[in-house]
Amino acid sequence: MITTERQGNVLVIVSNNPPVNALGQKVRQGLLAGIEAAAADASIDAVVIRCDGTTFFAGADITEFGKPPMGPDLNKVINLFEDSRKPVIAAIHGTALGGGLEVALACHYRVAVPSARLGLPEVKLGLIPGAGGTQRLPRVVGVAAALPMVVGGDPINAKKAAEIGLVDRVVSEGKLPEEAVAFAREVVGKPLPVSSRRTDRLADAVKDPAVFDNFRREQGRKLRGFEAPEAAIQAVKAAVELPFDAGMARERELFLKLMAGDQSKAQRHLFFAERAANKIENLGPGTPLIPINKVGILGAGTMGGGIAMNFLSAGIPVTLLEREQAPLDRGIATIAKNYERLAQRGSLTPEKVEAAMALITPTLSFESLADCDLVIEAVFENMDIKKEVFTKLDAVVKQGAILASNTSYLNVDEIAAMTKRPEFVLGLHFFSPANIMRLLEVVRGAKTLQSVLATAMALSRKINKIAVVSGVCYGFIGNRMLSPRQREAQKLILEGAKPWDVDRVLTDFGFPMGPFQMADLAGLDIGWSKEASKSSTVREVLCERDRRGQKTGKGFYDYDENRRGTPSAEVEEIIAGFIVQSGKPPRAIDDQEILERLLYPMVNEGAKILEEGMAQRASDIDVVWINGYGWPVFTGGPMFWADTIGLAKIVEGLKRHAALLGPEFSLSKLLEDKAAQGGRFNG
Ligand code: T1G
Numbered sequence: 018m019i020t021t022e023r024q025g026n027v028l029v030i031v032s033n034n035p036p037v038n039a040l041g042q043k044v045r046q047g048l049l050a051g052i053e054a055a056a057a058d059a060s061i062d063a064v065v066i067r068c069d070g071t072t073f074f075a076g077a078d079i080t081e082f083g084k085p086p087m088g089p090d091l092n093k094v095i096n097l098f099e100d101s102r103k104p105v106i107a108a109i110h111g112t113a114l115g116g117g118l119e120v121a122l123a124c125h126y127r128v129a130v131p132s133a134r135l136g137l138p139e140v141k142l143g144l145i146p147g148a149g150g151t152q153r154l155p156r157v158v159g160v161a162a163a164l165p166m167v168v169g170g171d172p173i174n175a176k177k178a179a180e181i182g183l184v185d186r187v188v189s190e191g192k193l194p195e196e197a198v199a200f201a202r203e204v205v206g207k208p209l210p211v212s213s214r215r216t217d218r219l220a221d222a223v224k225d226p227a228v229f230d231n232f233r234r235e236q237g238r239k240l241r242g243f244e245a246p247e248a249a250i251q252a253v254k255a256a257v258e259l260p261f262d263a264g265m266a267r268e269r270e271l272f273l274k275l276m277a278g279d280q281s282k283a284q285r286h287l288f289f290a291e292r293a294a295n296k297i298e299n300l301g302p303g304t305p306l307i308p309i310n311k312v313g314i315l316g317a318g319t320m321g322g323g324i325a326m327n328f329l330s331a332g333i334p335v336t337l338l339e340r341e342q343a344p345l346d347r348g349i350a351t352i353a354k355n356y357e358r359l360a361q362r363g364s365l366t367p368e369k370v371e372a373a374m375a376l377i378t379p380t381l382s383f384e385s386l387a388d389c390d391l392v393i394e395a396v397f398e399n400m401d402i403k404k405e406v407f408t409k410l411d412a413v414v415k416q417g418a419i420l421a422s423n424t425s426y427l428n429v430d431e432i433a434a435m436t437k438r439p440e441f442v443l444g445l446h447f448f449s450p451a452n453i454m455r456l457l458e459v460v461r462g463a464k465t466l467q468s469v470l471a472t473a474m475a476l477s478r479k480i481n482k483i484a485v486v487s488g489v490c491y492g493f494i495g496n497r498m499l500s501p502r503q504r505e506a507q508k509l510i511l512e513g514a515k516p517w518d519v520d521r522v523l524t525d526f527g528f529p530m531g532p533f534q535m536a537d538l539a540g541l542d543i544g545w546s547k548e549a550s551k552s553s554t555v556r557e558v559l560c561e562r563d564r565r566g567q568k569t570g571k572g573f574y575d576y577d578e579n580r581r582g583t584p585s586a587e588v589e590e591i592i593a594g595f596i597v598q599s600g601k602p603p604r605a606i607d608d609q610e611i612l613e614r615l616l617y618p619m620v621n622e623g624a625k626i627l628e629e630g631m632a633q634r635a636s637d638i639d640v641v642w643i644n645g646y647g648w649p650v651f652t653g654g655p656m657f658w659a660d661t662i663g664l665a666k667i668v669e670g671l672k673r674h675a676a677l678l679g680p681e682f683s684l685s686k687l688l689e690d691k692a693a694q695g696g697r698f699n700g
């Protein structure tokens, strides 16, 4: 865990606590012993703190949260660093995050390698820094630079950290140990900079207290519904308004309140859920992975092009196949435009863009796919077309290669049956835009080999996707749970609820938009045809009247030139006509009923997915809905949210609405049993 090395007059305290040097109890104990040893040793003039392995301390040990605290308290340990009369230098590589950066802030100096990143991501766990980060950071870098780091939670690189004064020197990559000791020797005997006693950098906010309200306004809707970011702003404000110790007390009070709250429990659940999702239950140890050195993609449309970018950005060559030159050229041009946009935003260097584009091999012939290790089809969502494509692929692509379908709901087993290699077939369901959305549903067929599945899961990490294993069922996990919500939304507006009320209930809950706003965005005419339209549903009538969504300036809403939607009187009239036809008088429907009718059936469907073994664990379902459909992060996902409000409440609500949910609804036995036993989905 913690060792010390004497290097002349410098004591080096080294942590070795894989995988991320989390500041667990033993590490805190070791740091305490190390700094006390340095203080007691007259031959020691300076102290360097560094970590072995991939990174400097990446934060407190999140697995300790919610358990009885074990001493020594992190604050106590790092105060000893700050109070040391001998200079203490933090030597940073990897990611100095959370408590790790707080350790560094309590040191007198910080040196870092160029590749290091420094941040306070606690807000992403529904917390705020709890070991002085909100009080020391503004004193070291100023409020303007501290606010985005504490409230946004994103790390900055060593160069930026040096610019704002967080890092005193950027040292050579790979020479951190020796250059940190050399730096320590340089500062021996100099006056010690003590972060907590600095007030010069707070001056900008003392003069202009509006900085906090201005920051809130800048952040706008991004923070809507979250508790931690507001607490973070209040903690930084306390650093400006209160003496250090009082500010520390304020930070502690805000921290403890968040730690005990539902939002932090939800966000900590998600942290581990996203990591658990990548694991395959009962995977044999040492299951071989298939090397994926070349990927083939069928279809250069929106999906195919977006999928291709994931591999190109990871440095994996892509052979991109289309039937004709024009769509192939268009596809390549779109990829180039997307990369140009990333380069303009500075999120990718021009060299990286060039390297990515150089990895594309455009082609019109299936034969070009023969030596690919993985081929993904992203052709039209039609079973006959998919079957034809897989028959051809099976004949052309080398044995041992994986054949994947990007289908969003078709039966992967049926597709696999068209090949002589069903063991090498699976679904890779990307979400549009495929180069941006991180979720990937990996659909395992009945015959998919463990090694093929394990390869897909490992590859997903390489292309920076959050992968979740799904079984073969209609809509897999995400779309299968979306269906009951869409069904209830359509029924609610024919019972008297307004589309804009239905949408508002979901946006108030924390979704970015509701079902009718989503429909207008996607376009109401997907799968609709003028010839076949018979004015039999609200959607058909809207499309017949050219109200096809945002793209036509009107759908369920009327849109202004900034695509801001307002309720439409014409739509109300169309719906009223269908209500009259139904023979059932409209009724006022309150927000609570709308919420229960939309979300409880989703939880029920999630329970069925679990009882059918279509998902490996309840937290996987949370990961799908958070990362693929905008379920509000601060509730932890549908299954964690159900646990939080209580499964018995869900069952009671579903039974109360049974008549309205109709014959197509049946209560999940797993849900009913868990509710009866006072159980939870997530442990
Ligand atoms: N505590 C416990 N385990 C952690 C951990 C942590 N802080 N960080 C990572 N792990 C585990 C993780 O669960 C996984 O386990 C393994 O390490 C590899 O992680 C007082 C209160 C550092 C950028 O929020 O952002 O400090 O699945 O797969 O992709 O104010 O881990 O292998 O069993 O993510 O290389 C603040 C969280 C804590 C940082 C590395 N710190 N970690 O990414 O590996 S709160 C954070 C990360 C705090 C103080 C407050 C990333 C990483 P397993 P990984 P990676």
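In this text, residue positions in the sequence shown follow the numbering used here: the first is 18, and each later residue adds one.
Even glycine gets a Cβ: it sits at the ideal position worked out from N, Cα and C.
The beta-bridge partner set that DSSP reports for K571 consists of G566 and D575. In the three-state DSSP reduction, H446 falls in the strand class (E or B).
Taken atom to atom, the span from the alpha-carbon of N481 to that of F261 is near 41 Å. Cβ neighbours of A50 within its own chain (closer than 8 Å, five residues either side excluded): I19.
Membership of P584 in the beta strand (DSSP E) is indicated by the continuous run G582 to P584. If only complete runs of 3 or more residues are kept, the stretch 85-169 shows the beta strand (DSSP E) at 105-109, 112-114, 126-129 and 134-136, in order along the chain. Placement of the Cβ of R455 at a distance of 7 Å or more from every heavy atom of the ligand T1G is found. By the CB criterion at 8 Å, G264 and Q152 fall inside the cutoff. In the displayed model, C68 falls within a strand according to three-state DSSP. Between the ligand T1G and the CB of D90, the shortest heavy atom gap is not smaller than 7 Å. Counting the other Cβ atoms within 10 Å of the Cβ of A350 gives fewer than 16, which makes it exposed.
Cβ neighbours of T661 within its own chain (closer than 6 Å, five residues either side excluded): D279. A418 sits in coil when the DSSP states are folded into three classes, being neither helix nor strand.
Look at I352 here: in three-state DSSP terms it is helix. Rounded to whole angstroms, the gap between the alpha carbons of D346 and R438 is 32 Å.
Counting of Cβ neighbours within 10 angstroms places G654 among the buried residues, the total reaching 16 or more. In the three-state scheme derived from DSSP, where H, G and I count as helix and E and B as strand, I19 is classed as strand. Ranking Q46, I377, F200 and Q42 by CA distance to the CA of I109 puts F200 first. With contacts defined by Cβ atoms closer than 8 Å, R269 and G147 form a contacting pair.
Contact between I307 and I314 does not hold, since their C-beta atoms are separated by about 17 Å, which reaches or exceeds 8 Å. Ranked by how close their Cα comes to the Cα of E247, the residues P305, L144 and D171 have L144 in first place. Considered as a whole, the stretch 482-568 harbours 495-512, 516-526, 532-539 and 555-561 as its complete alpha helix (DSSP H) runs of no fewer than 4 residues, in chain order.
Here the alpha carbon of D411 sits roughly 6 Å from the alpha carbon of T436. In the DSSP assignment, E458 falls outside any alpha helix (DSSP H) and within the unbroken beta strand (DSSP E) covering L456 to R461. When the alpha-carbon of R673 is set against those of Q567, I393, R233 and Q609, the nearest one is in Q609.
For the ligand T1G, a non-hydrogen atom lies closer than 7 Å to the CB of P146. Contact between the stretch 294-309 and the stretch 174-192 is absent: fewer than 3 CB-CB pairs across the two stretches fall below 8 Å. Straight through space, the alpha carbons of L118 and V130 are spaced by roughly 14 Å.
For V204, same chain residues with a beta-carbon under 8 Å away, outside a window of 5 residues either side, are A63, P104, I106, H125 and Y126 in chain order.
Leaving aside the five residues that flank L687 on each side, the residues in its chain whose CB is nearer than 7 Å to its CB run, in chain order, A624, L627 and E628.
When secondary structure is reduced to three states using DSSP, T319 falls in the helix class. Between the ligand T1G and the CB of E139, the shortest heavy atom gap is smaller than 7 Å. For T336, the enclosing beta strand (DSSP E) stretches over residues V335 to L338. As summarised for the stretch 217-303, the continuous alpha helix (DSSP H) elements at least 4 residues long and confined to that stretch are 220-224, 227-236, 245-258, 261-277 and 279-293, given in chain order. The beta carbon of S552 lies closer than 7 Å to those of V558 and E561 in the same chain, with the five residues before and after it left out.
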